[in-house]
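Mapped onto my numbering, the consecutive letters of the sequence shown carry residue numbers 68 to 343.
Written out below as structure tokens is the structure these notes cover.
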Amino acid sequence: MEVRYSVNPKDVKRFTTDELRDEFLIQGLFQSEIQMVYSHVDRMIQGSVAPTSPRELKVKAGENMGVSYFLERRELGIINIGGSGKVDVDGTVYDLVRTDGLYVGMGAKKVVFSSDDTKNPAKFYFNSAPAHKTYPTVKIERSSITPRHLGSIETSNERNLYQYIIPGRVESCQLVMGMTALEPGNMWNSMPCHTHERRMEVYMYFDLPETDVVMHYMGQPQETRHVVMHNEEAIISPSWSIHAGVGTHNYTFIWGMVGENQEFDDMDNIKIPDLR
68 MEVRYSVNPK DVKRFTTDEL RDEFLIQGLF QSEIQMVYSH VDRMIQGSVA PTSPRELKVK
128 AGENMGVSYF LERRELGIIN IGGSGKVDVD GTVYDLVRTD GLYVGMGAKK VVFSSDDTKN
188 PAKFYFNSAP AHKTYPTVKI ERSSITPRHL GSIETSNERN LYQYIIPGRV ESCQLVMGMT
248 ALEPGNMWNS MPCHTHERRM EVYMYFDLPE TDVVMHYMGQ PQETRHVVMH NEEAIISPSW
308 SIHAGVGTHN YTFIWGMVGE NQEFDDMDNI KIPDLR
């Protein structure tokens with residue numbers, strides 16, 4: 068498990084392109100059977116499981132976590148963006164087709180992933196956050212979620228926002244998680260942009276053709292920077308940073324947040340003319 072440390076926004080002003088990418092960009096998701104990045108920004112863990120062999124895979128606690136099993140003091144949110152697969156949580160098996168999600172509460176000792184067809188493997192993307200209470204494990208089907216329709220074709224940001232893990236739907240200690248899908252012909256997300264000093268966020272972009280990119284914008288509103296991102300890459304967004312993007316093609320992204328509250332609309336909005 069790779070470890071990333073917190074970064075001061077004053078330092079980011081002087082970062083080179085490579086330094087910016089090394090600190091915030093997460094590459095290689097789904098390229099190996101299990102990959103995890105532990106961020107000291109609110110101690111979020113983001114990662115992927117891509118079972119490509121008949122054997123099942125078990126997530127294990129890293130030595131730096133100081134616990135006997137992965138979810139001893141954590142909760143877990145999973146969304147499958149690949150072929151159909153299964154997640155075994157302490158002997159209860161959940162079938163997840165593409166875009167199905169799963170919330171797993173603190174205390175689950177066995178979390179095992181497998182693909183139904185290794186020629187078309189599942190791609191389980193996950194976020195994990197520290198927890199203080201156990202909530203029930205819940206399967207989440209995207210087809211059961213009524214999306215929030217946002218934006219318009221006139222501003223190139225018509226999109227559907229699906230809230231998977233959020234108060235009133237699936238209860239959690241602090242993890243909030245969902246998916247946003249841009250309509251064809253639309254390129255912008257989260258613009259006008261915002262920050263939320265009370266929560267960090269992680270974006271994972273997918274459904275992007277291999278020949279296209281997303282220009283992800285980050286940094287303080289008056290000190291913006293950009294990171295060029297490709298399909299199935301993620302980026303860490305500290306609480307002080309904006310998080311918006313524009314693609315050369317429409318795309319979908321998974322967002323996950325942790326922090327002081329779970330109020331989705333608690334944002335510090337930034338007017339477009341005020342960006343620098």
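The beta-carbon is built from N, C-alpha and C at its ideal position, and this holds for glycine as well.
| Check | Outcome |
| --- | --- |
| Give the single residue among 170, 260, 103 whose Cα lies nearest to the Cα of residue 342. | 260 |
| How big is the Cα-Cα spacing for residue 357 and residue 198? | Nothing about residue 357 can be reported from this structure: the residues present for the chain run from 68 to 343 only. |
| Would you call the segment 90 to 103 and the segment 155 to 168 touching, i.e. three or more CB-CB distances under 8 Å? | no |
| Do the segment 310 to 327 and the segment 271 to 286 touch if we need at least three Cβ pairs shorter than 8 Å? | yes |
| Using alpha carbons as the reference points, say which of 193, 108, 132, 134 lies closest to residue 344. | It is not possible to answer for residue 344, since the shown part of the chain is limited to 68 through 343. |
| Look at residue 242 and residue 196 and say whether their C-beta atoms are less than 8 Å apart. | yes |
| Between residue 318 and residue 231, what straight-line distance do the alpha-carbon atoms span, to the nearest angstrom? | 18 Å |
| For residue 156, count the other beta carbons within 10 Å of its own beta carbon; 16 or more makes it buried, fewer makes it exposed. Which is it? | buried |
| Across the segment 184 to 191 and the segment 217 to 230, are there enough close Cβ pairs to call them in contact, namely three or more that are closer than 8 Å? | no |
| May I have the straight-line CA-CA distance separating residue 108 from residue 251, to the nearest angstrom? | 33 Å |
| Should residue 239 and residue 90 be called a contact, given that it needs their Cβ atoms to be closer than 8 Å? | no |
| Distance, Cα to Cα, residue 82 vs residue 104? | 21 Å |
| Looking at C-alpha atoms only, which residue of 80, 136, 270, 324 is the closest neighbour of residue 234? | 324 |
| Tell whether a beta-carbon distance below 8 Å holds between residue 273 and residue 148. | yes |
| Could you give the residue range of the beta strand (DSSP E) that holds residue 85? | Where residue 85 is concerned, there is no enclosing beta strand (DSSP E), although the alpha helix (DSSP H) it sits in stretches over 84 to 91. |
| Does residue 201 come out as helix, strand or coil in the three-state DSSP assignment? | coil |
| Which first and last residues belong to the alpha helix (DSSP H) in which residue 78 is found? | 76 to 79 |
| If you count every other CB in all the chains shown that lies within 10 Å of the CB of residue 332, and 16 or more means buried, which is it? | exposed |
| Mark residue 131 as exposed unless 16 or more other C-beta atoms lie within 10 angstroms of its C-beta, in which case mark it buried. | exposed |
| For residue 255, list the residues DSSP reports as bridge partners. | 313 |
| Could you tell me if residue 76 is buried or exposed, where buried requires 16 or more neighbouring beta carbons within 10 angstroms of its beta carbon? | exposed |
| I think residue 146 touches residue 168, with their Cβ atoms under 8 Å apart; what is that distance to the nearest whole Å? | 4 Å |
| What's the C-alpha gap between residue 306 and residue 299? | 22 Å |
| Tell whether a beta-carbon distance below 8 Å holds between residue 200 and residue 136. | no |
| Does residue 133 pass the burial test, meaning 16 or more other C-beta atoms within 10 Å, or should it be called exposed? | exposed |
| Shortest alpha-carbon distance to residue 144 belongs to which of 164, 152, 114? | 114 |
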